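Q: Can you keep this structure in mind? I'll have questions shortly.
Chains as they are written, first to last, in our numbering: chain R, 1 to 520; chain V, 1001 to 1520.
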């Protein structure tokens, strides 16, 4: 057998091998080793200096339009290499072909969106924020606001589930804003991000220092950040809290964005008749969210809120969908859902499922165990999709608190009232997204307004959009992604809003002609 | 002698006496005790529940226009009671009459500004953020963003130097956004904020639970905050870091805004001729910032950047102004500058001055000691205004790092180049504001753009605005207030931007007519 490839870091303009005992990356369907990462040895001050002094200077010298060209080139390259990348996602991520496309097309699509935005901003080097306004009584004194790129480094710590999309949606915003990036993929699924950076480096698409990759540990890198640097993290709430609490980050007021746990809800409105377009949309999108990426999406529906009177029929419709799911090695032709990404994820999902079972019973899919298709006996991190029903929606605790990051969702019955639905949505104490399926404006307005302070995004499913949407689980670059409270309290994307995290807003006051000379 | 009044807290709709050994509030000019605060005994869960369940519910039921009426009533009441309040500021804050007006008019003016903004928002209950946009290829699917009030409590921890303005600029934004407030003034100068809340309570201007006041310690209140609550702090960087690092706040992703230390710079452009309007504006505003509020303004100019060739003339002009300052008891008619606010401030200013002297020499005002006018011998926390000159602007460390919070500023000579000026401004690693005085567009554009990522606000002083402005030290509600890095990394005010901290932004997607029904 050939020795395993080591995934090196890309630092200071070259590929650098890590030190120490390597961690294995495996195929989660077969448990075959596919690569390794030696986690240690990062020279953090050197990487930060390279980003700030070389990459930051180069990016600051470019206009938005020029940076947009960099993003477009990356988007095109990723699209050109799509077939190769899909195979890596299937091999290291346990993705079906569709799951891998979702991740990779998310990366190239978000880059393309921000390239378009950069083109619109054109020759500008700062963003003017809002209207200039007269200050006080004199027409001579004006005020305005502008955003300029922060003079630091954007450190990105990404989650295991979207090695492509997670890496490049963050990079798209930072680079277009004018900040150099140091990006760290999750070790277990780093193969794809590593290859994508390798392709970009080989094609010489970016200025030196604009994008560095850390395979392995960040070491003491956070202890060297300053007030112009930013940290963006996607992953578990526990790790998010640990990062946010790093003494150096607090002491230097380093900007931190966290995107963490989320108990997203999907609400069926009381007006939705079984068999209607809206009903079918609901069933189809809930079923999709349960199994897409084996339920390992931060936006996946975990809680399914259904009026009492519709619960039995809905459970039946969903159970039927789940029964048709074929779990196994995603390279096998018939398979529609792959394994979880790691052994640790499988342990966590099993443990979480056991906790959910304390207050919910399985109504579809059994207990998660499965004989996967096309997999050697006893191998792979498989968990079959499961639908639960909470015994008491309001009394339940675990189902509102514990994000089981796999193909598991729970039906919660409610009385059909908008306020009751909104109150159950709020029980998760902050979510990335929730969806409401209804064609009743009054119900929608009341439920959404009640729940909105606890949500980063609301998806409204209705007859008119059936067949037109990708569902609530798809993050679009036009809309903000993030949520309050348990979801991390952060915000990414959302068009130009996504640039603001990487820029400093500065108010200007003075003679209008002089302010125009500064911001033009 | 009559027993000292105790400043009680206003909690749960009644005035509550603290427990434990009381702290004395004194007149900083005479050291006479004027009131006391017993710091302990806060029932934090009860205060938070009162805010959330009573105040929050009442505010959420109001439109922006209705909340604006509350703010306008507070503004008018404060204005009506201005003379009484000015005396309290002079008595407890060491303010001159002008200083006290600055603080109190800042409070009523900011309330009035946000009342006007609320009137413009009218009947709305949510803010629509940006333009709705088509998502993808189908004209049926739209996206938009809205802001709704967070379903929690706004906790405000204010600094000693602006008991009126600090309390009510924060309260204006929170209340207009729809969040109930628990406000804690700094103990040493709490007399003014306490009286203002008392007036508002007696006049029954606000719904129950909308505004509570904590005189004394917050106790364990922060340990009871959740993901919908926010904390806004103004004060020292060390305290800011301690608050931000509170484990509960990190664990629950509580939003925190910090406004902390700032080494604000004023830059004289190389084009400015002595005796010109711009020169005179510069001299006048620097001198004003040195002595207004005895230099105890977070926005005060600490570093005066002057082209080499103008340094001697500038120092002479400023020294002449300082020589005319009359330090003493602000109730004395001739006095133009009062004492520092507390004995601790005096100790800190003396210690800080000694550290500055390691790399700078006094060129005006001597060593800070003074025989104050109208004060019993040996009494009062007086420090006379001092102008220093750094021996080497670039080599200096302390002058770029240590905010001496009193009437002390340091001249830093530079070569007249825009980039050199910007680089020196940046040395403070994040400031609330800096000012550049020049009529040269090229110089302004280069210097401002270079420094902007490190600044929350830039004030451009020029011939056209001379006589029209209140100077860089005045915080206007139209413009954001806050700064990156050392300045705390926060942002307040800035018109509607100031509401966003107290609201949750939520993206919406779906059929456009349904979204309109939700956000209208």
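In this text, a Cβ means the ideal position worked out from N, Cα and C, and glycines have one as well. This structure is a prediction, so every number in the text was calculated from the model and none was measured.
Report the start-end ranges of each alpha helix (DSSP H) in the segment 122-203 of chain R that is 4 residues or longer and not cut off at the edges.
A: Here the runs fully enclosed are 165-177 and 191-202.
Q: Using a C-beta to C-beta distance shorter than 7 Å, which residues of chain V count as neighbours of residue 14 of chain R?
A: Numbered from 1 along the first chain, position 14 holds the residue referred to as residue 14 of chain R. By Cβ distance, chain V contributes nothing, its closest Cβ being about 29 Å from residue 14 of chain R, past 7 Å.
Q: For residue 1350 of chain V, return the contacting residues in chain R, with the cut-off set at a CB-CB distance below 9 Å.
A: For the purposes of this step, residue 1350 of chain V is taken as residue 350 along the second chain, with counting starting at 1. None at all; the shortest Cβ gap to chain R is about 26 Å.
Q: The alpha helix (DSSP H) with residue 291 of chain R in it runs from where to where?
A: Numbered from its first residue, the first chain carries residue 291 of chain R at position 291. 277-291 is the extent of the alpha helix (DSSP H) around residue 291 of chain R.
Q: Taking DSSP as the reference, what is the three-state secondary structure of residue 1443 of chain V?
A: Numbered from its first residue, the second chain carries residue 1443 of chain V at position 443. Residue 1443 of chain V falls in the helix class under three-state DSSP.
Q: Buried or exposed, going by whether 16 or more other CB atoms sit within 10 Å of the CB of residue 1138 of chain V?
A: Counting from one through the second chain, the residue named residue 1138 of chain V turns up at place 138. Flag for residue 1138 of chain V reads exposed.
Q: For the segment 1498-1511 of chain V, which residues have a CB atom closer than 7 Å to at least one CB atom of chain R, in sequence order?
A: Listed by position along the chain: 1504, 1505, 1506, 1507, 1508, 1509, 1510 and 1511.
Q: From this set, V/1512, V/1439, V/1447 and V/1434, which residue's C-alpha is nearest residue 1474 of chain V's C-alpha?
A: Within the second chain, the letter at position 474 stands for residue 1474 of chain V. Checked all of V/1512, V/1439, V/1447 and V/1434; the closest Cα to residue 1474 of chain V is V/1434.
Q: Helix, strand or coil: which one does DSSP assign to residue 511 of chain R?
A: Taking the first residue of the first chain as 1, we reach residue 511 of chain R at position 511. Note: residue 511 of chain R maps to strand in three-state DSSP.
Q: Express the C-alpha separation of residue 1195 of chain V and residue 1088 of chain V in angstroms, rounding to a whole number.
A: Taking the first residue of the second chain as position 1, residue 1088 of chain V is located at position 88. Taking the first residue of the second chain as position 1, residue 1195 of chain V is located at position 195. Whole-angstrom Cα-Cα distance: 9 Å.
Q: Compare the C-alpha of residue 1072 of chain V against each of V/1289, V/1257, V/1293 and V/1205 and name the closest.
A: Position 72 of the second chain, counting from 1, holds the residue named residue 1072 of chain V. When only C-alpha atoms are compared, the closest one is V/1205.
Q: Using the rule of at least 16 other Cβ atoms within 10 Å of the residue's Cβ for burial, across every protein chain shown, is residue 1118 of chain V buried or exposed?
A: Residue mapping note: residue 1118 of chain V aligns to position 118 of the second chain, counting from 1. It counts as buried.
Q: So, do the segment 121-141 of chain R and the segment 155-172 of chain R have three or more beta carbon pairs nearer to each other than 8 Å?
A: The answer is no - the segment 155-172 of chain R does not touch the segment 121-141 of chain R, with fewer than three Cβ pairs under 8 Å.
Q: On the three-state DSSP scale, how would you describe residue 110 of chain R?
A: Residue 110 of chain R sits at position 110 when you count from the first residue of the first chain. The answer is helix: DSSP assigns residue 110 of chain R an H, G or I state.
Q: Please name the residue in V/1148, V/1113 and V/1047 whose C-alpha comes closest to that of residue 1223 of chain V.
A: Residue mapping note: residue 1223 of chain V aligns to position 223 of the second chain, counting from 1. Nearest C-alpha to residue 1223 of chain V: V/1047.
Q: Within the 8 Å Cβ cut-off, does residue 1138 of chain V reach chain R?
A: Start at 1 with the first residue of the second chain, and residue 1138 of chain V comes out as number 138. Interface residue, yes.
Q: Check for me: the alpha helix (DSSP H) holding residue 1435 of chain V runs from which residue to which?
A: Position 435 of the second chain holds residue 1435 of chain V. Careful: residue 1435 of chain V lies outside any alpha helix (DSSP H), inside the beta strand (DSSP E) at 1434-1437.
Q: Under 8 Å, do residue 1441 of chain V and residue 148 of chain R count as touching if we go by C-beta distance?
A: Reading the second chain from its first residue, position 441 is the one you call residue 1441 of chain V. Reading the first chain from its first residue, position 148 is the one you call residue 148 of chain R. In this structure, residue 148 of chain R does not lie closer than 8 Å to residue 1441 of chain V by Cβ.
Q: Along the chain, which unbroken stretches of the alpha helix (DSSP H) at least 4 residues long are found entirely within the segment 379-423 of chain R?
A: Runs of the alpha helix (DSSP H) inside the segment 379-423 of chain R: 398-401.
Q: For residue 387 of chain R, tell me which candidate among R/239, R/104, R/289 and R/395 has the shortest Cα-Cα distance.
A: As a position in the first chain, residue 387 of chain R is number 387, starting the count at 1. Nearest option by C-alpha distance: R/289.
Q: Of all the options V/1384, V/1363, V/1309 and V/1357, which has the alpha carbon lying nearest to the alpha carbon of residue 1346 of chain V?
A: The residue you call residue 1346 of chain V lines up with position 346 of the second chain. If we check each option's Cα against that of residue 1346 of chain V, V/1384 comes out closest.
Q: Which residues, in order along the segment 263-276 of chain R, keep a beta-carbon less than 9 Å from a beta-carbon of chain V?
A: The segment 263-276 of chain R vs chain V, Cβ under 9 Å: nothing.
Q: For a contact defined as C-beta to C-beta under 9 Å, what are the partners of residue 245 of chain R on chain V?
A: For this step, residue 245 of chain R is matched to residue 245 along the first chain. The answer, in chain order, is 1245, 1247, 1250 and 1251.
Q: In terms of residues, what are the limits of the alpha helix (DSSP H) holding residue 345 of chain R?
A: For this step, residue 345 of chain R is matched to residue 345 along the first chain. It spans 343-356 - the alpha helix (DSSP H) in which residue 345 of chain R sits, taken as one unbroken run.
Q: Hey, would you say residue 997 of chain V sits closer than 8 Å to residue 489 of chain R, going by beta carbons?
A: Residue 997 of chain V is absent from the structure shown; chain V starts at 1001 and stops at 1520.
Q: So, with DSSP's three-state summary, where would you put residue 224 of chain R?
A: Here the question's residue 224 of chain R lines up with position 224 in the first chain. Residue state, collapsed to three classes: helix.
Q: At what residues does the alpha helix (DSSP H) containing residue 1075 of chain V begin and finish?
A: Taking the second chain and counting its residues from 1, one reaches residue 1075 of chain V at position 75. Element bounds for residue 1075 of chain V: 1064-1080.
Q: Within its chain, find whatever has a CB closer than 8 Å to the CB of residue 534 of chain R; leave out the 5 residues flanking it on each side and keep chain order.
A: Lying outside 1 to 520, the shown extent of chain R, residue 534 of chain R is not represented and no answer is given.
Q: Per DSSP, which one or two residues make a beta bridge with residue 38 of chain R?
A: As a working note, residue 38 of chain R is residue 38 in the first chain. DSSP, once it has assigned bridges, lists R/22 as partnering residue 38 of chain R.
Q: Could you spell out where the beta strand (DSSP E) holding residue 1457 of chain V opens and where it closes?
A: Your numbering for residue 1457 of chain V matches position 457 in the second chain. Looking at the DSSP string, the run of the beta strand (DSSP E) that includes residue 1457 of chain V is 1457-1461.
Q: Note down the Cα distance separating residue 1409 of chain V from residue 1369 of chain V, rounded to an integer number of angstroms.
A: One-based indexing of the second chain puts residue 1409 of chain V at position 409. One-based indexing of the second chain puts residue 1369 of chain V at position 369. Rounded to the nearest angstrom, the two C-alpha atoms are 16 Å apart.
Q: What in chain B is Cβ-close to residue 464 of chain R, meaning under 7 Å?
A: In the displayed structure, chain B is absent; the protein chains listed are R and V.
Q: Would DSSP call residue 294 of chain R helix, strand or coil?
A: Your numbering for residue 294 of chain R matches position 294 in the first chain. Residue 294 of chain R: helix per DSSP, three-state reduction.
Q: Can you find the residues in the same chain that come closer than 6 Å, C-beta to C-beta, to residue 300 of chain R, ignoring five residues on each side of it along the sequence?
A: Reading the first chain from its first residue, position 300 is the one you call residue 300 of chain R. Answer for residue 300 of chain R: 289 and 473, listed in chain order.
Q: Buried or exposed: where does residue 1395 of chain V fall if 16 or more other Cβ atoms within 10 Å of its Cβ makes it buried?
A: Counted from its first residue, the second chain places residue 1395 of chain V at position 395. With fewer than 16 Cβ atoms within 10 Å of its Cβ, residue 1395 of chain V is classed as exposed.
Q: At a threshold of 7 Å, does residue 1429 of chain V count as lining the ligand HEM (C-beta to nearest heavy atom)?
A: Among the ligands in the structure shown, none appear at all, so the ligand HEM cannot be discussed.
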